[in-house]
Structure formats: structure tokens, C-alpha cells
Amino acid sequence: MKSSYNNFFKTNKIMSPQDYWKANLKLLAVLLLIWFIISFGFGIVLSDFLDQFSLGGFKLGFWFAQQGSIYGFVILIFIYVFAMYRLEKKINKKEEENE
Amino acid sequence: MSSQLLTYIFVGLSFALYIGIAIWSRASSTNEFYVAGKGVNPVANGMATAADWMSAASFISMAGLISFLGKDGAVYLMGWTGGYVLLALLLAPYLRKFGQYTVPDFIGTRYYSKTARLVAVLCLIFISFTYVAGQMRGVGIVFSRFLEVEINVGVIIGMIVVFFYAVLGGMKGITYTQVAQYCVMIFAYLVPAIFISILITGNPIPQLGFGDTLVNSSTYLLDKLDQLSVDLGFNAYTENTKSNIDIFCITAALMFGTAGLPHVIVRFFTVPKVSDARKSAGYALVFIALLYTTAPAVAAFSRVNFIESIQEKSYIDSPDWFKNWENIGLIAWQDKNEDGFINYSAGKPFEGSRPIFSNGTGTQGEREIENTPINDNSNEVYIDRDIMVLANPEIAKLPAWVMALVAAGGLAAALSTAAGLLLVISSSISHDLLKKTFMPKINERQELFYARCSAAVAILIAGLFGIYPPAFVAQVVAFAFGLAASTIFPALLLGIFSKRLNKEGAIAGMLAGLLFTASYIIYFKFLFSELDSSSYWLWGISPEGIGFLGMIINFAVAALVSSVSSKPPIEVAQMVDKIRLP
Numbered sequence: 004m005k006s007s008y009n010n011f012f013k014t015n016k017i018m019s020p021q022d023y024w025k026a027n028l029k030l031l032a033v034l035l036l037i038w039f040i041i042s043f044g045f046g047i048v049l050s051d052f053l054d055q056f057s058l059g060g061f062k063l064g065f066w067f068a069q070q071g072s073i074y075g076f077v078i079l080i081f082i083y084v085f086a087m088y089r090l091e092k093k094i095n096k097k098e099e100e101n102e
Numbered sequence: 033m034s035s036q037l038l039t040y041i042f043v044g045l046s047f048a049l050y051i052g053i054a055i056w057s058r059a060s061s062t063n064e065f066y067v068a069g070k071g072v073n074p075v076a077n078g079m080a081t082a083a084d085w086m087s088a089a090s091f092i093s094m095a096g097l098i099s100f101l102g103k104d105g106a107v108y109l110m111g112w113t114g115g116y117v118l119l120a121l122l123l124a125p126y127l128r129k130f131g132q133y134t135v136p137d138f139i140g141t142r143y144y145s146k147t148a149r150l151v152a153v154l155c156l157i158f159i160s161f162t163y164v165a166g167q168m169r170g171v172g173i174v175f176s177r178f179l180e181v182e183i184n185v186g187v188i189i190g191m192i193v194v195f196f197y198a199v200l201g202g203m204k205g206i207t208y209t210q211v212a213q214y215c216v217m218i219f220a221y222l223v224p225a226i227f228i229s230i231l232i233t234g235n236p237i238p239q240l241g242f243g244d245t246l247v248n249s250s251t252y253l254l255d256k257l258d259q260l261s262v263d264l265g266f267n268a269y270t271e272n273t274k275s276n277i278d279i280f281c282i283t284a285a286l287m288f289g290t291a292g293l294p295h296v297i298v299r300f301f302t303v304p305k306v307s308d309a310r311k312s313a314g315y316a317l318v319f320i321a322l323l324y325t326t327a328p329a330v331a332a333f334s335r336v337n338f339i340e341s342i343q344e345k346s347y348i349d350s351p352d353w354f355k356n357w358e359n360i361g362l363i364a365w366q367d368k369n370e371d372g373f374i375n376y377s378a379g380k381p382f383e384g385s386r387p388i389f390s391n392g393t394g395t396q397g398e399r400e401i402e403n404t405p406i407n408d409n410s411n412e413v414y415i416d417r418d419i420m421v422l423a424n425p426e427i428a429k430l431p432a433w434v435m436a437l438v439a440a441g442g443l444a445a446a447l448s449t450a451a452g453l454l455l456v457i458s459s460s461i462s463h464d465l466l467k468k469t470f471m472p473k474i475n476e477r478q479e480l481f482y483a484r485c486s487a488a489v490a491i492l493i494a495g496l497f498g499i500y501p502p503a504f505v506a507q508v509v510a511f512a513f514g515l516a517a518s519t520i521f522p523a524l525l526l527g528i529f530s531k532r533l534n535k536e537g538a539i540a541g542m543l544a545g546l547l548f549t550a551s552y553i554i555y556f557k558f559l560f561s562e563l564d565s566s567s568y569w570l571w572g573i574s575p576e577g578i579g580f581l582g583m584i585i586n587f588a589v590a591a592l593v594s595s596v597s598s599k600p601p602i603e604v605a606q607m608v609d610k611i612r613l614p
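The listed protein sequences correspond, in order, to chains A and B. Under this note's numbering, the first residue of the first sequence is numbered 4, with each subsequent residue one higher. Under this note's numbering, the first residue of the second sequence is numbered 33, with each subsequent residue one higher.
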């Protein structure tokens, strides 16, 4: 009784390596999709279409191509850094320091 | 104080700083020489990565290139930043967890094969030398224009400085000099950009001034630039001229290529923890973005300034910078209609790709050129795009110390990248070729000695490239990125994310990517350069973008060959499991 309680509690708290990897892949898929949309989508394929809107003195498509996509890249990396920080806590394993 | 003296002082002080850091951070073990003892703070590593990454091409050439390309210039802006997302998400943390010294180390271990390691070493050396040649040319240009010394003397001084901190300090010395070089470089880039932004738009932030209205006018800068461009017979600045598929492929090849460049990847081996590798990639991109979001603004400002300060001015009254750059042959003027005024518009001014100067002077005092004029257009001006950033402060009439700063910044950009490249070349020779393949019995001290020797030899070769620049430097840049995208990136990515991929698949994939990409580029850039236009390209993809297709071919061949040959050994699967965990 006690051990099954512990097991139940554990699976909630400590993630298995397989689940950790799955969660990581899911996160990667979402972030890379956004990466693709803001650069290849807004900056290239849809750029001419977006140019009919403007952002201050910029045509919107031009802004994504020369400015916006870069800001987006920076934000994406930091989202990943924070998401992985939380995920690593769940797997509840001290990071091994290599050498 | 003369601007020349100021430049000597700025450049001299920055060089003294780099050498001082080199002496302070000498490497005493192979661990320190290859990966700085894995003790670099992620923020410092981010700065070092940014300096390593932003070469003479980024600092000196990129804004100039964009100012003549207009919206098409976005391929460089997105291509050379987007790769960091791939690095942070797909490669850097896992390769750091793997915890060895070089990129071929990973490929050799993951694919349990010396052949795979050797293929990786070959690609790495080719990519890195291609790159170094460009850096040394940058050093030469800065020295000859600002310090008025012979290009050769400039290259030799640059070699001595790099020799000091690369050979003595290895990765440790390079890391901390790169931190200093980043600071010099970014300050030198932002100061003139802010000045010019204020002068043209009244907005002190170039990224915003770029989309702002001109001073004392309600016209937006970019609208004005579109107008000027169209009036002179160019395409509107904010519209693409390349086809969408070509822009797509070039951007992709540059992004995946960036993520596969060994000298960038190896920087993430130097941080203490796996999570630091991710953070460090984020900081690196912040530091890079500071310059990369400023560059398109500088491009637009300098284009407006350039056109307005020379168009329809008489040559005699033309600004000093025009004549200074003419003196070293990067600007030329041929008075085709003999009216004494400078006429700038779309079209090639004369036959040939570069001006050939005779010793005489023309009627207005300009340097006479021997090229046959092309008379179907009225353009009389030849300008080397590389000079825009360097000439910008002069064009905008900024004070002399700003020009001195830009000279020091250009040198910092070129030297930091050269050092990073020389290090990956030397470590792949001493570690991958000697220690791991041909001379496994050498001890650590001997390996360190060989690492220093190969760094010294690599510097000599790089210097020779600077003094006798091979004619093909510009063409081979496409090569470096194409090869990185079509060989190294897929091998690393599949090595981490697929456990099924075996050595046969990886080697076949790398060779297929290499052969396809190399032959396409050689065909259009070297054998039949007269055919290098969109009507002959495969699906309209230029040689610059072909690395993307090469990468897809690599993936396909690797998967196919793996599926019909045996599974990788169990130890490899265990290793992959291990690097996937934090």
C-alpha cells in the first residue's frame, strides 16, 4: 500500500527519460514551426502579401524580412531556455558536470 | 590631431589589449587549449561566439551588400541569424553533453568509424580555410585605407597578433580576446550608426530611425529611398528582385550552414553545463542581433547619403572620401558624357568587373581607367560594395575619432573570426588526425605541442592567402555554407535524433551531399560561369542556395542506406540515450 502510494507520487514528480524526451520533441516541434513561419513564411513566401500593410514607415513584409524575424529568433531561444529549465526540474536529476 | 594619428592610437591600444589578454590567459593543457577548460561563463561565451561569428564580411561588407541589394539583402540577415535557433534547439546542448573536443570527435564516435571522422575533418578544413582567406583580405583593406601601409605589411601585423593569442592561449586565450573584440566591434558599429540615424531621421535608435521620417520632412526614409532608386533606374529598394524560391533556398542554406560551421559549434563545448550551452546560444544571438538589426538601417542610410552626396556633383567639388577611395582603387569614375559631373545610375559603367587604372589623370584630375565604357546607360561610377561601412562616417562627415574607431572595429571583427577558425583547423589536425587516427601513442604534452605547431602553420597559410588572395575568394563563400549545410549539419542532427542511423548511412549521406553541392557550385562558378543565371539553374536555385538541396539529398541517402544495412552497435544507442538527457 505504502509503496504503491510512493510509486504514484513518484511518477507524478519524476519524469521517465522517455517522457522527458517526448516532451522535449513536442516543444521543439512547436518552436521550430514558429521559427519557420516568422522567417520563411512572413519574411519570404508571404512577404509580398504582407507588404500591403505597414508598420510605421516600414512595409510589414519588408520589416519581417530585415528586422522582425531576427527579434523572433532571439525570443524563441529564450522561450526554449526557460521551458527546458522547467522540464529539467521535472526529471529531477542533477545535471552531471562533465569533467 | 590628424585622423591618421588617431587611427594609429585606437588600433595600437586595441592590439595591446588583445596581446595583454593573451599573456594573462595562456593555456597549459589540451583541455584548456581545445575547449578553454570548459569553464567559460555563458554570457562571456555568448560574446565570444558573436565575435567569432561576425567576421570581416559581417562588419565591413554586409551593410554595403544590403544597400545595393535592397530587400533581397534579407537572405543574409535571416540566414546568418536563424541558424542560431537550430543550434540552440537541435545541436548545442547535446554536443556539449557528449563532452569531447571537436566536431569530428562526435561524428567519429557516433558513427564508430575513422572514415566518418576523416570525411568530417576534410570538410572542416576546407570550410575553415575558405573563410580565413576572406578575413585576411579584410585586414588588408582596413590597413591600406586607414593606416596607409602596404596591404602585405598589414597582413603580417595581423598574423603576428593572431599568432600571439592563438598559439599561446589556444581556446582560452581566444575566448577572452574575443570578448574584448566583441566590445570594440559593437561599439565601433553602433556609434556611427547612431550618429547617422540622428542626422538623417532625428531618431537616435537606428532600428527605429530606419522606419522613421526624414528630418524636416513628412516623407518616410524608405519611401524616399524607393523613389531615388526608381528615378536612377534601379528596382525599388523595398521590393525583391530575386525569385521567391531562390531567396528561400539561399536563406535555408545559410541557416543550416551556420548551424553546421565547426568554429561556431565548438564554442558551445567551452561552457560548464548543458543548460549553459542553450543559454549561451541565446546570449550569442542577442549580441549578434545588435549588429544584424543595425546593419539594414546602416544600409538604407548610407545608400541615401551616398546618392545625395555625389549625384550630379562636379568631380572637382566631389567630397574627399570619393577621391580617397578612388586613390586605392575601390571607386572609379569615367566621365562618359564629358560634362565634368558625376552621373550615378543603374547599369555597368564599363567593361570588366574591376577598373584598370592607367597612370595618367583625366581632364578633371580623376584617375584615368583603361576599361572600355559601356554606352547603353549613363552610369559613370564604379563602387566596390565593401567600402560602404568604412566610408560611411566620412560620407556623413562624422568626427575623425569615429573613423578611427571603425578601423579598430573592422580589425577586431576580422582577427576574432580568423583566430576561431585557425583554432578549429589546428585542433582537428592535432586531435583528430594525429591523436585519434595516425599517432594514437602521443601523450598530452606532445599533443599540445602539435596543436601549437599546426596553429602556427595554419596562420602562415592564412597569411599567404591574405598576401596573394586567390581570385576565387568571393565564389567560395557559397561553398563554405553549402558544404556545412549538406555534410556536417545532417550528420550531427541525425546522430542525435536518430538511433537507427548507422555508419554506412552517415558516410554515404555526407558524400552524396558533398558531391552534389560541390559539383553544382563548381559547374556554375568555375567551369561555366557564363551560364550562371537563373535560366540555367536547376529549378531557379542559384549556387548560393544549392546547399539546401544538398542537405535534403544527404538526409534521403542516409536514411535509405541505413535502412538496408545493419543497426548500429548497442553502445552507440546507449551513448545517444545518454546525450539526450540533461
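For each residue, glycine too, the CB sits at the ideal point set by N, CA and C. In this text the structure is predicted, and so the values were computed from the model without any measurement.
Neighbours of LYS311(B) in chain A, taken as residues whose beta carbon is under 8 Å from its own, are VAL84 in chain order.
DSSP, reduced to helix, strand and coil, places ASN276(B) within a helical segment of the structure shown.
At least one beta carbon of chain B lies nearer than 9 Å to the beta carbon of PHE76(A).
For the region 602-613 of chain B, the residues whose beta carbon sits under 9 Å from a beta carbon of chain A are, in order, ASP609, ARG612 and LEU613. Where THR393(B) is concerned, the enclosing beta strand (DSSP E) starts and stops at 389-393. Spanning the alpha carbons of ARG89(A) and SER307(B) requires a straight line of approximately 11 Å.
For SER145(B), no Cβ of chain A is located within less than 9 Å of the residue's own Cβ. Minimum Cα-Cα distance from ILE602(B) among the listed residues GLY397(B), ASP263(B), LEU533(B) and ALA152(B) corresponds to LEU533(B). CA-to-CA, the gap between ALA331(B) and LEU260(B) works out to about 14 Å. The way I'd put it, the region 439-455 of chain B does touch the region 71-91 of chain B; three or more beta-carbon pairs between them come closer than 8 Å.
If you look at ILE374(B), you'll find it isn't in any alpha helix (DSSP H); DSSP assigns it neither H nor E. With a beta-carbon spacing of about 5 Å, THR549(B) and GLY514(B) fall inside the 8 Å limit used to define contacts.
Counting only the Cα atoms, ASN337(B) lies some 14 Å from ASP258(B). Within chain A, the residues PHE43, ILE47 and VAL48 have their CB atoms less than 8 Å from the CB of PHE280(B), given in chain order. By the Cβ rule, the region 151-163 of chain B does not count as touching the region 39-53 of chain B, because fewer than three pairs are nearer than 8 Å. Of all residues in the region 52-75 of chain A, only ASP54, LEU58, GLY59, GLY60, PHE61, LYS62, PHE65, TRP66, ALA68, GLN69, GLN70, SER72, ILE73 and TYR74 come within less than 8 Å of chain B when Cβ atoms are compared, listed by chain position.
Per the DSSP secondary-structure output, TRP365(B) pairs in a beta bridge with VAL413(B).
Our two residues, TYR552(B) and MET168(B), have alpha carbons roughly 27 Å apart in a direct line.
In the DSSP assignment, ILE401(B) falls within the beta strand (DSSP E) that extends over 399-401. Counting only the Cα atoms, ASN27(A) lies some 16 Å from LYS531(B).
Neighbours of THR326(B) in chain A, taken as residues at a C-beta separation under 9 Å, are lacking, since the least C-beta distance is about 10 Å. Nearest to TYR116(B) by C-alpha distance, out of GLY190(B), ASP367(B) and PHE300(B), is PHE300(B). Per the coordinates, the alpha-carbon of GLY44(B) lies some 26 Å from the alpha-carbon of ALA327(B).
Beta-carbon to beta-carbon, ASN272(B) and ILE279(B) are separated by about 7 Å, close enough to satisfy the 8 Å threshold. If the five residues before and after GLU398(B) are omitted, its C-beta is found closer than 6 Å to the C-beta atoms of TYR347 and TRP365, all from its own chain and listed in chain order. Interface with chain A (9 Å Cβ-Cβ cutoff): THR270(B) is included. Under DSSP, the beta-bridge partners assigned to SER57(A) are LYS62(A). For VAL318(B), the nearest CB of chain A lies under 9 Å from its own CB, placing it at the interface with that chain. Sequence-distant partners of PRO614(B) (beyond 5 residues in either direction) whose C-beta falls short of 6 Å from its own C-beta, in its chain, are VAL306.
Within the same chain, and ignoring the five residues on either side of VAL174(B) in sequence, the residues whose Cβ sits closer than 6 Å to its Cβ are ALA439, GLY442 and LEU443. PRO224(B) sits in a helix when the DSSP states are folded into three classes. Rounded to whole angstroms, the gap between the alpha carbons of LEU122(B) and LEU525(B) is 7 Å.
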